[in-house]
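Under my numbering, the first residue of the sequence shown is numbered -8, with each subsequent residue one higher. For glycine and all other residues, C-beta sits at the position ideal for the given N, C-alpha and C.
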Amino acid sequence: MKFFKIVSFLVCTAYCVQCALLGIDFGTQNTKAVLIAPGVSLDVLLTPESKRKEVSGLAATFDKDGKIERHFGTHALASCVKSPQSCMLYMNTIIEGEEGEIQRYQEQFPGVAINKDNHGLIRVTVKSRDGSKEETFHIEEVLGMVFNEIKKRAEQHWSESASSGMITKVDDVVISVPYQLSAEGRLRIIDGAEIAGLNVVSLVEDGMSIAIDYLNRKNEIDSADEYHLIFDGGAGQTKLTLTSVNNKDGKPAVNIISRASTKSINGEIFTSKIRDLIIEKFDERQGKGLLLRKDARLMQKLWQIAERTKLILSANTETDVYIESLYDDNDFRCVVTREEFEELLKKERGLLGELVDGIAGNLTLGSIVLSGGSSRIPWIQKLLVEKFGEESISKNVNADESVVFGTIMRGAQLMGLKQRFQFTVNSERTLKYWSEELQVSESITVSGQEEEGTLEIPGLANTTFHDFNVAYEKEYMFEVPESIDCNSTRYVLEYGADLNMYLICDLGEGKERRHVLIRHHRGMNEIAKFSAKEKLRLLDHSDEEKRLLSDMKNKLETLIYELRGVEQNEAKLAELDELLDWLDYESGDATFSDVSKRYEELHGEYRVILEGGPSAALDTEEQDVHDEL
């Protein structure tokens, strides 16, 4: 892999000898992570299966004792097929708590129950296969478990890479988010990270992350503005970011000019269309398509098949779909063509064309930067080529990993870590101002760095926002003219649709105090977060106990097979076979102490053989003579 300028991108500052920063691209369908730490090569963290991306979410099943067992990665996908009611994947789609999104999620994953209470908290309930047991998690707890798994993987990688004696604890994280993600969604991500023991340095817009990564990999940057359109086709939505880059003062700069997005065009919709097409073909032959839709397990199985089919159709014009024992133990086979797939997307194709025209206009673009899995779909690339020309499609960035590298670079900059690639970021945001008294509504553009901007509101003094992109609750004081009756007037400032600023009165000490309160969604309270952290700690402890028990059983099994290869005494071989049968069929209720005791006893009995090798084993006759003496 080429690292360009990113190879030796960062070194920790002198005051932070063992500091580390974890960067996470928390995508709708897949998650990628990068770790910056002393002694660690800057690259994507590999999963336990040595893959560069992990499925976003987990599955939670119940063991025979009714205890929760968590499954991540490919194990989660397998569990979702066998037990759809255990599936907690793709939580990004419901993180804002919108009723429509929750309903669509339930249609895709009918096995789990999602509900939103009167306090705005989202709860996810999983059940055992027979429905006798269930467990409910706040969505922040689900996110916390996902982030905690990534954190543990990062710390293990650091421990294996760093010199001995170094403390390899990861505390800080920077996470990518869609630009239009609401304050509720942002705060749930922050709370989830906090539950996992991580401090969020910043949430970075994914369009900005791609722009930073593109800027880093661009060989030459002119002083004049050069415009680029970032096309990010994700699993949950399609996002367009219009940027300009320049190098006017010897320091590369990326400017975010405008953004557009739609949830009506995304990878999940494409997968859903293919799944519906397969069900339609099955219904034409068997007449049982409705029965398939009512079976949560089969719908989840078909979803994963449709996902693979979608990937194949990006490279081939047709593919043969074979499903073993789809229904009533009958296999099913059909052919799905790219032409059939694209015929189902006429509406989406027209919508995407309008979206691109609306943001790019008549600008002359230096390039189209593609990111996200859906950017590989042929009809999408064809549409962009028709509008801008094939030479405009940039090959500079890795479509799968651009977000995570740009995110870690931005996080390192905000954290104050030294870096060889220096850059600046400028962004414009549109805030909406509304006055009940004046009955006016205006759009106000805030320019500047991500961290602060200047805002002027009619009737109120100028003020400077600090950290207005962070989803924590904040309060800002403004001078309020005496002519305004704050009992009948309300000013509302909306950041997206999330940040509300109200003019209120606070009576105290006999005086009327006037101020403006900016209040965000509160999210989980401290007691709830403490409880969630304790719940996560207990689950981690339970998982660790199960892992140690499994390792000890494997260790005992290995020892038994090793001794069976050298033991010659028939009675002793029978004892080993008996112990092996116990391990295979009767050790289900055994504790770590039970298995460990049997291992130590067996190891002690054969210590001479184990330490001396097979040649140290006594001949049967010699053993008998030895026993008689």
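Query                                                                                                                                                          : Result
What is the DSSP secondary structure of Y313, reduced to helix, strand or coil?                                                                                : strand
Helix, strand or coil for D286, going by three-state DSSP, please let me know.                                                                                 : coil
How about I248 and D223: are their beta carbons less than 8 Å apart?                                                                                           : no
Please classify Q559 as buried or exposed, where buried requires at least 16 neighbouring CB atoms within 10 angstroms.                                        : exposed
I'd like the ranges of any alpha helix (DSSP H) spanning at least 4 consecutive residues and lying wholly in the segment 515 to 565.                           : 517 to 555
Which residues in the same chain have their Cβ closer than 6 Å to the Cβ of P654, if we skip the five residues on either side of it in sequence?               : The requested residue 654 is not part of the displayed model; the chain covers only -8 to 620.
Evaluate contact between the segment 128 to 144 and the segment 173 to 186, counting only Cβ atoms and requiring at least three cross-stretch pairs below 8 Å. : yes
What number of angstroms, rounded off, separates the C-alpha of E196 from the C-alpha of L231?                                                                 : 12 Å
Compare the beta carbon distance of D274 and N238 with 8 Å and say whether it is the shorter of the two.                                                       : no
Considering C10, what are the terminal residues of the beta strand (DSSP E) in which it resides?                                                               : Where C10 is concerned, there is no enclosing beta strand (DSSP E), given that its DSSP letter is neither H nor E.
Anyone know if the C-beta pair for L547 and L574 falls short of 8 Å?                                                                                           : yes
Give the DSSP-derived three-state secondary structure of G48 in the structure shown.                                                                           : strand
Between G402, G188, E125, E536, which has its C-alpha nearest E525's C-alpha?                                                                                  : G188
Could you pull out every residue in the same chain whose Cβ sits closer than 6 Å to the Cβ of K107, ignoring the five residues on either side in sequence?     : G88, I113
Could you pull the start and end residues of the beta strand (DSSP E) that E196 belongs to?                                                                    : 190 to 196
Would you grab the beta carbon distance between V31 and W149 for me? Rounded to a whole angstrom, and I think it's under 8 Å.                                  : 6 Å
Using C-beta distances below 7 Å, list every residue in its chain close to Y81, excluding the 5 sequence neighbours before and after it, in chain order.       : T19, Q20, S47, G48
Measuring CB to CB, does K23 end up less than 8 Å from V360?                                                                                                   : no
Measuring straight from C-alpha to C-alpha, what distance separates I350 and D391?                                                                             : 23 Å
What is the residue span of the alpha helix (DSSP H) that K386 lies within?                                                                                    : Run containing K386: none; DSSP gives neither H nor E here.
I need the straight-line Cα distance from M157 to C10, nearest angstrom please.                                                                                : 11 Å
Between which residues of its own chain and L346 is the CB-CB distance below 7 Å, once the five residues before and five after are set aside?                  : L231, A251, T253
Assign S474 to buried or exposed, taking buried as 16 or more other Cβ atoms, counted over all protein chains shown, within 10 Å of its Cβ.                    : Confidence in S474 is poor, its pLDDT being 46 and thus under 50, which makes the residue's placement unreliable; the coordinate value appears in the next sentence. By the neighbour-count rule (16 or more Cβ atoms within 10 Å), S474 is not buried but exposed.
Which word fits E259, buried or exposed, when buried means at least 16 other C-beta atoms lie within 10 angstroms of its C-beta?                               : buried
With a threshold of 8 Å, are at least 3 pairs of Cβ atoms found where one atom belongs to the segment 61 to 77 and the other to the segment 165 to 180?        : no
Taking C-alpha atoms, which residue in I86, N417, R528, I600 lies nearest to N246?                                                                             : N417
Answer with buried or exposed for Q76, where buried requires no fewer than 16 other C-beta atoms within 10 angstroms of its C-beta.                            : buried
Smallest Cα separation from V695: which of L356, K55, T310?                                                                                                    : Since the first and last residues shown for the chain are -8 and 620, residue 695 lies out of range.
To the nearest angstrom, how far is the alpha carbon of H594 from that of G579?                                                                                : 22 Å
Bridge partners of H129, per DSSP?                                                                                                                             : R114
Taking DSSP as the reference, what is the three-state secondary structure of N210?                                                                             : coil
List the endpoints of the continuous alpha helix (DSSP H) containing R340.                                                                                     : 337 to 351
Would you call the segment 121 to 131 in contact with the segment 282 to 302, where contact means no fewer than 3 C-beta pairs closer than 8 Å?                : no
Cα separation between I59 and K588?                                                                                                                            : 26 Å
Figure out for me which residue from F379, I384, G344 has the closest Cα to the Cα of S362.                                                                    : I384
Following the continuous beta strand (DSSP E) through T232, name the residue where it begins and the one where it ends.                                        : 229 to 237
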